[in-house]
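K.L.:
Going left to right, the sequence shown walks through residues 1376 to 1638 as this note's numbering numbers them. Using N, Cα and C, we set each Cβ at its ideal position, and we do this for glycine too. Being a predicted model, the structure only gives us computed values, none of them experimental. Once you've had a glance at the structure underneath, I'll fire off some questions.
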Amino acid sequence: MFIKKAEKWISGLQTFLSRNLNISRKKQMLELSNQTIGLLKNSGSILTATFSTIVHSLTILILIPIFMFFMLFYRSFFFTFLSMVFPTTEKETLRGIMGKTGSVVQGYLVGLLFVMFTVAGANSIGFWWIGVDYPIFFGITTGLLLLIPYVGIWIGASLPIILSLATLSPSHALAIVAWIAAVQFIEANFITPLVIGSKVSINPLVAMLALLGGEMLWGIPGLILALPFTAIIKVVFDHVPTLQPYGFVLGEAPKRIKETKAP
């Protein structure tokens, strides 16, 4: 079944290249032959790099939830450690910080899972409606890749877009792009702010700067961990009087300014 599908995809891609780019099938086969020879020469390094990338990505996806789980599990342990380091008079402040930090991390995880599930379901329905093969698989892939903010959903959608160009038509590919754009717009502007924003309470500018800084420092893991780490820093700032102005800057500006002006 899969082999027949693959043959159909390849044939469709060849037809697309012939019709739209004026590349004859003979030229395609010649170029494919040349590329195959080049790939065989470099197959060892390519396989090693591909395997390394896959293992690295899977390791990140596995370790991040485990890391956050242990942050919650050892919350009391960290509180005891901090209580030993700081004066007794600061215990209530520490208790407040640890309690709020646990709530922020837990809320972020639950909210993120809900958003991923919602996007995966919406994209599965959209791919099925458009006529893409294996819509549930591709829908779940786009949902899982929401772990990478902003670009993850497009990385997940790239394969069905390419397959649609090869096996269906450019209009189907455009329909996928339009659907993904609509889902991402709704997710970014309504679902995520409502579900995750209420728990994290970081304004969009700070969130963007945090994501850029996280990516520059640690790559994809930095992108994934930037928002919860920034939220934890904000919790600390909010509970330390001398640092509260910085917590104010990190927070949601319109709401906090309104609260400040209220009598």
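#1: Let me make sure I understand the geometry here. Which of P1616, I1566, E1590 and V1610 has the alpha-carbon closest to that of G1486?
#2: Taking the alpha-carbon positions, what's the F1612 to R1470 distance?
#3: Suppose you measure from the CA of T1605 to the CA of A1582; what does that come to, to the nearest Å?
#4: Judging by CA-CA distance, which residue of V1479, V1507, L1438 and L1598 is the nearest neighbour of L1521?
#5: For the segment 1494-1507 against the segment 1554-1566, are there 3 or more C-beta pairs whose distance is under 8 Å?
#6: Under a three-way DSSP split, which group does L1540 fall into?
#7: Just the C-alpha distance for F1492 and L1580, rounded to the nearest angstrom, thanks.
#8: Could you tell me the boundaries of the alpha helix (DSSP H) in which T1617 lies?
#9: Quick check on A1637: buried or exposed, where buried means 16 or more other Cβ atoms within 10 Å of its Cβ?
#10: Express the C-alpha separation of G1589 and P1596 in angstroms, rounding to a whole number.
#11: Look up S1499 in the DSSP assignment and say whether it is helix, strand or coil.
#12: In three-state terms, what does DSSP make of I1577?
#13: Would you mind sorting A1495 into buried or exposed? The rule is 16 or more other CB atoms within 10 Å of its CB.
#14: Roughly how far, in whole angstroms, is the beta-carbon of G1531 from the beta-carbon of T1542, given that I think they are within contact range, below 8 Å?
#15: In angstroms, rounded to a whole number, what distance separates the CA positions of G1626 and F1513?
#16: Taking only the alpha-carbon atoms, compute the straight-line gap between V1615 and G1482 and give it to the nearest angstrom.
#17: Would DSSP call E1590 helix, strand or coil?
P.N.:
From the atom records:
#1: Residue I1566 is the option with its Cα nearest to G1486.
#2: Straight through space, the alpha carbons of R1470 and F1612 are spaced by roughly 14 Å.
#3: Cα atoms of T1605 and A1582: separation of roughly 8 Å, rounded to the nearest angstrom.
#4: Closest in alpha carbon position to L1521, among V1479, V1507, L1438 and L1598, is L1598.
#5: Enough Cβ pairs lie closer than 8 Å, so yes.
#6: Three-state result, L1540: helix.
#7: Roughly 26 Å separates the two Cα atoms.
#8: First-last for T1617: undefined, no H or E at that position.
#9: With a pLDDT of only 46 at A1637, under the threshold of 50, the placement of this residue in the model should not be trusted, and no figure is reported.
#10: The alpha-carbon of P1596 is positioned some 8 Å away from that of G1589.
#11: In the three-state DSSP reduction, S1499 falls in the helix class (H, G or I).
#12: In this structure, I1577 counts as coil in the three-state DSSP scheme.
#13: Buried is the call here.
#14: Their Cβ separation, rounded to whole angstroms, is 18 Å, which puts G1531 and T1542 out of contact at 8 Å.
#15: Cα to Cα, G1626 sits roughly 35 Å from F1513.
#16: In this structure, the alpha-carbon of V1615 lies about 22 Å from that of G1482.
#17: Here E1590 sits in helix by DSSP.
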